[in-house]
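Asker:
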Amino acid sequence: AQLAPQQDAPLSAHLLEVNAQWTVRDALPADAIAATHFTDEAARIATHLRLVREHLLAHTPEGLSAEQVDARLKLLDDLGTYADRGLFPQNHVLPYRNPVFIDPDHTACAVGQLMIESGNAALAERISAELNLGYVSEILGDERFQMPVADWANAHGFTADELAWIQPGYPPQTFWGDMGGGTDSTVQALLNDGMGNLYVAGLFTSAGGTAATAIARWDGTQYHAVGAGLDGNVQDLVQFDGKLYAGGQFQNGLYDLAIWENNTWTYANVMLGNWALINDLHVFNGQLHAAGEASGFPGIIHSVMVLQGGSWNLVDQSFNGSIHALGEHDGDLV
Numbered sequence: 044a045q046l047a048p049q050q051d052a053p054l055s056a057h058l059l060e061v062n063a064q065w066t067v068r069d070a071l072p073a074d075a076i077a078a079t080h081f082t083d084e085a086a087r088i089a090t091h092l093r094l095v096r097e098h099l100l101a102h103t104p105e106g107l108s109a110e111q112v113d114a115r116l117k118l119l120d121d122l123g124t125y126a127d128r129g130l131f132p133q134n135h136v137l138p139y140r141n142p143v144f145i146d147p148d149h150t151a152c153a154v155g156q157l158m159i160e161s162g163n164a165a166l167a168e169r170i171s172a173e174l175n176l177g178y179v180s181e182i183l184g185d186e187r188f189q190m191p192v193a194d195w196a197n198a199h200g201f202t203a204d205e206l207a208w209i210q211p212g213y214p215p216q217t218f219w220g221d222m223g224g225g226t227d228s229t230v231q232a233l234l235n236d237g238m239g240n241l242y243v244a245g246l247f248t249s250a251g252g253t254a255a256t257a258i259a260r261w262d263g264t265q266y267h268a269v270g271a272g273l274d275g276n277v278q279d280l281v282q283f284d285g286k287l288y289a290g291g292q293f294q295n296g297l298y299d300l301a302i303w304e305n306n307t308w309t310y311a312n313v314m315l316g317n318w319a320l321i322n323d324l325h326v327f328n329g330q331l332h333a334a335g336e337a338s339g340f341p342g343i344i345h346s347v348m349v350l351q352g353g354s355w356n357l358v359d360q361s362f363n364g365s366i367h368a369l370g371e372h373d374g375d376l377v
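Note that this note's numbering has the sequence shown beginning at 44, numbered continuously upward.
This is the structure:
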């Protein structure tokens with residue numbers, strides 16, 4: 044779980060949230076164990092950059108020429124200005140913290156900004172175009188950038204480890220929001236029909252204030268009931284051959300499949316036995332498959348079935364445990 048900047052926690056934990064390189068750097072400030080918090084993410088990133096800058100100012104790599112030292116000090120001054128400005132890239136791409144070299148608003152990360160300040164904007168833009176979400180280690184490991192980035196770092200007196208330490212990760216800017224009021228109970232299956240509609244199915248009786256038993260259709264603005272709804276527990280939804288299929292257990296265990304066609308629901312049986320239950324539906328090689336179970340003479344029978352010529356047939360043999368999902372890999376049904 045992400046540590047929010049506003050949450051009281053040791054300074055060390057906040058710094059690790061911004062950049063995991065703090066775990067391998069013996070550079071934590073004396074008050075690193077003291078609890079602290081920040082007004083926002085920008086303030087936390089700025090603190091990270093200032094502390095890294097202070098350490099780098101006090102620890103210059105050995106063997107640098109006077110020209111390299113001058114270039115290093117100039118960029119460390121630029122890094123301080125960058126941190127004080129408090130304007131950093133936004134991560135609109137990934138659902139987790141990650142570097143962003145230059146965001147769509149042309150805001151560069153710390154390392155990218157140092158390249159720009161040193162007259163190497165073209166290199167920064169190339170990295171942004173081809174490896175925008177890469178860590179410094181990944182950028183230096185890419186043959187397209189290994190030499191130019193290493194040459195730039197060396198000319199300005201920085202090591203690869205120092206650049207990796209400077210580079211922050213940025214939190215996701217994606218947030219969960221209410222969708223039309225939601226449903227009044229659990230959602231267990233979702234299906235996008237490719238025509239602007241999202242079908243939701245589960246244990247609810249209303250969606251967005253609209254009466255809808257176990258299934259509803261969201262058109263992007265509001266929910267609609269799908270016929271009279273479903274009498275039972277929906278586990279999965281799939282479109283096949285112009286019809287909407289719902290797998291689960293219906294009408295007190297009498298059926299395990301519901302089919303929406305011509306604005307009407309009909310029920311059917313797929314699994315062989317009593318109290319049949321479909322856990323997953325999947326279209327493979329143009330055929331509809333169902334995974335589930337039923338109670339039979341030897342006990343619970345776990346099977347994968349395929350719809351062929353209007354009939355459901357067993358695929359190979361039964362399993363000795365529950366099957367919760369079907370997929371495709373390397374051309375095979377898995």
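We treat Cβ as the ideally placed atom computed from N, Cα and C, and that holds for glycine.
Which partner residues of residue 336 appear in the DSSP bridge assignment?
Answerer: 320, 345
Asker: If we ignore side chains and look at the alpha-carbon of each, how far apart do residue 236 and residue 289 end up?
Answerer: So the alpha carbons of these two residues sit roughly 13 angstroms apart.
Asker: If you follow the alpha helix (DSSP H) that residue 95 is in, where does it begin and where does it stop?
Answerer: 84 to 101
Asker: Ignoring anything shorter than 4 residues, give me the alpha helix (DSSP H) runs that lie fully in the segment 261 to 306, in order along the chain.
Answerer: none
Asker: Which residue from 148, 144, 76 puts its Cα closest to that of residue 167?
Answerer: 144
Asker: Return helix, strand or coil for residue 213, following the three-state DSSP convention.
Answerer: strand
Asker: Identify the residues that DSSP records as bridge partners of residue 105: which are they?
Answerer: Beta-bridge pairing links residue 105 to no other residue.
Asker: Would you report the Cα separation of residue 182 and residue 174, rounded to the nearest angstrom?
Answerer: 7 angstroms
Asker: Helix, strand or coil for residue 166? Go by DSSP, reduced to three states.
Answerer: Residue state, collapsed to three classes: helix.
Asker: Who pairs with residue 151 in a beta bridge, going by DSSP?
Answerer: 145
Asker: With residue 177 and residue 132 assumed to form a contact (beta carbons below 8 angstroms), what rounded beta-carbon distance in angstroms separates them?
Answerer: The distance from the Cβ of residue 177 to that of residue 132 is about 13 angstroms, inconsistent with a contact at the 8 angstroms cut-off.
Asker: Report all residues from its chain with a CB closer than 8 angstroms to the CB of residue 111; omit the five preceding and five following residues, and keep chain order.
Answerer: Here the set comprises 197, 198, 199, 200.
Asker: Go to residue 197, then tell me how far its alpha helix (DSSP H) extends in each direction, as first and last residue.
Answerer: That run of the alpha helix (DSSP H) goes 189 to 198.
Asker: Kindly indicate which residue of 349, 213, 210 has the alpha-carbon position closest to the one of residue 360.
Answerer: 349
Asker: Here's a check: name, in chain order, each residue in its chain whose Cβ is nearer than 6 angstroms to the Cβ of residue 81, leaving out the five neighbours to either side.
Answerer: 48, 87
Asker: Leaving out the 5 sequence neighbours to the left and right, which residues in its chain are closer than 6 angstroms to residue 303 when beta-carbon positions are compared?
Answerer: 287
Asker: Hey, quick one: how far does the beta strand (DSSP E) through residue 56 stretch, first residue to last?
Answerer: Element bounds for residue 56: not the beta strand (DSSP E) but the alpha helix (DSSP H), 54 to 61.
Asker: Helix, strand or coil: which one does DSSP assign to residue 203?
Answerer: helix
Asker: Does the segment 248 to 262 touch the segment 218 to 232, meaning 3 or more C-beta pairs lie closer than 8 angstroms?
Answerer: yes
Asker: With residue 180 as the anchor, note down where its alpha helix (DSSP H) starts and where it stops.
Answerer: That run of the alpha helix (DSSP H) goes 179 to 184.
Asker: Tell me, please, whether the segment 233 to 247 touches the segment 153 to 170 by the rule of three or more beta-carbon pairs shorter than 8 angstroms.
Answerer: no
Asker: What do you get for residue 370, buried or exposed, if any count of 16 or more other CB atoms within 10 angstroms of its CB means buried?
Answerer: exposed
Asker: Count the other CB atoms, across all protein chains shown, that sit within 10 Å of the CB of residue 279; report buried if there are 16 or more and exposed otherwise.
Answerer: Classification for residue 279: buried.
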